[in-house]
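Numbering (the working numbering), first residue to last: 159 to 303.
What follows is a set of notes on a single structure, which appears directly below.
Laid out in C-alpha coordinates, this is it:
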(Lines of atoms letter the chains of each structure in order from A and count residues from 1; the text may use other names and numbers.)
(Lines give C-alpha, C1' and ligand atoms only; values in the text may rest on other atoms or scores of the structure.)
Protein backbone atom coordinates (compact mmCIF):
# COMPACT_ATOMS: atom_id res chain seq x y z
CA UNK A 1 0.00 0.00 0.00
CA UNK A 2 2.95 2.29 0.65
CA UNK A 3 4.03 2.15 -3.01
CA UNK A 4 0.54 3.16 -4.16
CA UNK A 5 0.63 6.20 -1.86
CA UNK A 6 4.03 7.15 -3.28
CA UNK A 7 2.72 6.90 -6.86
CA UNK A 8 -0.35 9.01 -6.00
CA UNK A 9 1.76 11.65 -4.25
CA UNK A 10 4.29 11.80 -7.08
CA UNK A 11 1.56 11.97 -9.74
CA UNK A 12 -0.25 14.78 -7.94
CA UNK A 13 2.89 16.88 -7.46
CA UNK A 14 4.29 16.42 -11.01
CA UNK A 15 1.23 17.15 -13.12
CA UNK A 16 1.55 19.87 -15.80
CA UNK A 17 -1.66 21.62 -16.78
CA UNK A 18 -1.30 20.56 -20.44
CA UNK A 19 -1.86 16.93 -19.40
CA UNK A 20 -5.33 17.88 -18.24
CA UNK A 21 -6.34 18.62 -21.82
CA UNK A 22 -5.01 15.22 -22.89
CA UNK A 23 -7.01 13.58 -20.07
CA UNK A 24 -10.16 15.27 -21.32
CA UNK A 25 -9.48 14.11 -24.90
CA UNK A 26 -8.81 10.58 -23.65
CA UNK A 27 -12.16 10.59 -21.85
CA UNK A 28 -13.94 11.84 -24.96
CA UNK A 29 -12.32 9.11 -27.08
CA UNK A 30 -13.50 6.47 -24.62
CA UNK A 31 -17.04 7.90 -24.72
CA UNK A 32 -16.96 7.95 -28.52
CA UNK A 33 -15.82 4.32 -28.74
CA UNK A 34 -18.40 3.23 -26.16
CA UNK A 35 -21.20 4.90 -28.12
CA UNK A 36 -19.85 3.45 -31.37
CA UNK A 37 -19.79 -0.03 -29.83
CA UNK A 38 -23.34 0.36 -28.52
CA UNK A 39 -24.66 1.53 -31.89
CA UNK A 40 -22.98 -1.45 -33.60
CA UNK A 41 -23.50 -4.04 -30.86
CA UNK A 42 -24.03 -6.94 -33.26
CA UNK A 43 -20.81 -6.21 -35.16
CA UNK A 44 -18.96 -5.66 -31.87
CA UNK A 45 -20.16 -9.04 -30.54
CA UNK A 46 -19.13 -10.73 -33.79
CA UNK A 47 -15.69 -9.13 -33.54
CA UNK A 48 -15.30 -10.46 -30.00
CA UNK A 49 -16.43 -13.97 -31.08
CA UNK A 50 -13.94 -13.92 -33.94
CA UNK A 51 -11.06 -13.11 -31.59
CA UNK A 52 -11.35 -16.62 -30.01
CA UNK A 53 -10.75 -15.48 -26.45
CA UNK A 54 -12.59 -18.51 -25.08
CA UNK A 55 -15.53 -16.91 -23.27
CA UNK A 56 -18.13 -17.18 -26.03
CA UNK A 57 -20.95 -18.01 -23.62
CA UNK A 58 -20.85 -14.58 -22.00
CA UNK A 59 -19.99 -12.39 -25.00
CA UNK A 60 -23.13 -10.28 -24.62
CA UNK A 61 -22.50 -9.54 -20.94
CA UNK A 62 -18.85 -8.69 -21.56
CA UNK A 63 -19.75 -6.48 -24.53
CA UNK A 64 -22.21 -4.54 -22.38
CA UNK A 65 -19.65 -4.19 -19.56
CA UNK A 66 -17.08 -2.84 -22.02
CA UNK A 67 -19.60 -0.31 -23.31
CA UNK A 68 -20.50 0.80 -19.76
CA UNK A 69 -16.85 1.07 -18.68
CA UNK A 70 -16.03 3.10 -21.80
CA UNK A 71 -18.95 5.52 -21.57
CA UNK A 72 -19.09 6.07 -17.80
CA UNK A 73 -15.33 5.77 -17.41
CA UNK A 74 -14.71 8.18 -20.27
CA UNK A 75 -17.12 10.71 -18.77
CA UNK A 76 -15.54 10.53 -15.32
CA UNK A 77 -11.99 10.61 -16.74
CA UNK A 78 -12.87 13.70 -18.79
CA UNK A 79 -14.40 15.37 -15.73
CA UNK A 80 -11.44 14.39 -13.59
CA UNK A 81 -13.09 12.32 -10.90
CA UNK A 82 -12.21 8.69 -10.11
CA UNK A 83 -9.66 8.91 -12.91
CA UNK A 84 -7.32 6.27 -11.56
CA UNK A 85 -10.15 3.83 -10.84
CA UNK A 86 -11.62 4.00 -14.34
CA UNK A 87 -8.19 3.95 -15.96
CA UNK A 88 -7.53 0.74 -14.04
CA UNK A 89 -10.88 -0.71 -15.15
CA UNK A 90 -10.28 0.17 -18.82
CA UNK A 91 -6.64 -1.00 -19.06
CA UNK A 92 -7.48 -4.76 -19.27
CA UNK A 93 -10.02 -4.00 -22.00
CA UNK A 94 -7.44 -2.12 -24.05
CA UNK A 95 -4.72 -4.72 -23.46
CA UNK A 96 -7.12 -7.35 -24.82
CA UNK A 97 -7.93 -5.13 -27.79
CA UNK A 98 -4.27 -4.54 -28.59
CA UNK A 99 -3.11 -8.13 -28.15
CA UNK A 100 -6.04 -10.22 -29.36
CA UNK A 101 -8.75 -8.28 -31.17
CA UNK A 102 -7.09 -5.66 -33.36
CA UNK A 103 -4.00 -7.41 -34.79
CA UNK A 104 -4.60 -8.27 -38.43
CA UNK A 105 -2.77 -7.98 -41.76
CA UNK A 106 -3.89 -4.35 -42.12
CA UNK A 107 -2.26 -3.24 -38.85
CA UNK A 108 0.29 -1.03 -40.62
CA UNK A 109 -2.32 1.02 -42.46
CA UNK A 110 -2.46 4.59 -41.14
CA UNK A 111 -6.09 4.50 -39.98
CA UNK A 112 -6.13 1.06 -38.39
CA UNK A 113 -7.98 0.70 -35.07
CA UNK A 114 -4.84 -0.90 -33.63
CA UNK A 115 -3.04 2.43 -33.38
CA UNK A 116 -5.96 4.13 -31.65
CA UNK A 117 -6.06 1.27 -29.15
CA UNK A 118 -2.32 1.59 -28.49
CA UNK A 119 -2.54 5.36 -27.97
CA UNK A 120 -5.54 5.04 -25.64
CA UNK A 121 -3.76 2.28 -23.68
CA UNK A 122 -0.69 4.51 -23.24
CA UNK A 123 -2.95 7.36 -22.13
CA UNK A 124 -4.73 5.16 -19.59
CA UNK A 125 -1.42 4.01 -18.08
CA UNK A 126 -0.20 7.62 -17.99
CA UNK A 127 -3.28 8.87 -16.14
CA UNK A 128 -3.30 5.86 -13.85
CA UNK A 129 0.02 7.22 -12.59
CA UNK A 130 -0.55 10.96 -13.05
CA UNK A 131 -4.09 11.25 -11.73
CA UNK A 132 -6.51 14.12 -12.23
CA UNK A 133 -4.68 17.42 -12.31
CA UNK A 134 -5.89 20.96 -11.65
CA UNK A 135 -8.64 21.01 -14.30
CA UNK A 136 -10.72 18.40 -12.53
CA UNK A 137 -13.80 18.08 -10.38
CA UNK A 138 -11.83 16.51 -7.53
CA UNK A 139 -9.23 19.31 -7.50
CA UNK A 140 -11.97 21.98 -7.41
CA UNK A 141 -13.71 20.11 -4.61
CA UNK A 142 -10.45 19.95 -2.59
CA UNK A 143 -9.85 23.67 -3.10
CA UNK A 144 -13.32 24.63 -1.86
CA UNK A 145 -12.94 22.70 1.40
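Glycine included, every Cβ here is placed at the ideal spot set by N, Cα and C.
Can you tell me which of the three DSSP states residue i falls into?
i, result
"residue 231", "helix"
"residue 299", "helix"
"residue 177", "helix"
"residue 164", "helix"
"residue 293", "coil"
Which whole-angstrom value is the C-beta distance of residue i and residue j, which I expect to be below 8 Å?
i, j, result
"residue 235", "residue 241", "5 Å"
"residue 238", "residue 291", "7 Å"
"residue 191", "residue 222", "Not quite, the Cβ-Cβ distance comes to about 14 Å (not below 8 Å), so this is no contact."
"residue 278", "residue 184", "7 Å"
"residue 181", "residue 258", "Not confirmed; about 27 Å, so no contact."
"residue 203", "residue 217", "5 Å"
"residue 287", "residue 165", "6 Å"
"residue 252", "residue 282", "6 Å"
"residue 206", "residue 220", "7 Å"
Could you please give the first and the last residue of the uninterrupted alpha helix (DSSP H) stretch that includes residue i?
i, result
"residue 277", "271-288"
"residue 247", "241-254"
Quiz prompt | Segments assigned alpha helix (DSSP H), at least 4 residues, entirely inside the region 180-220 | solution = 199-208
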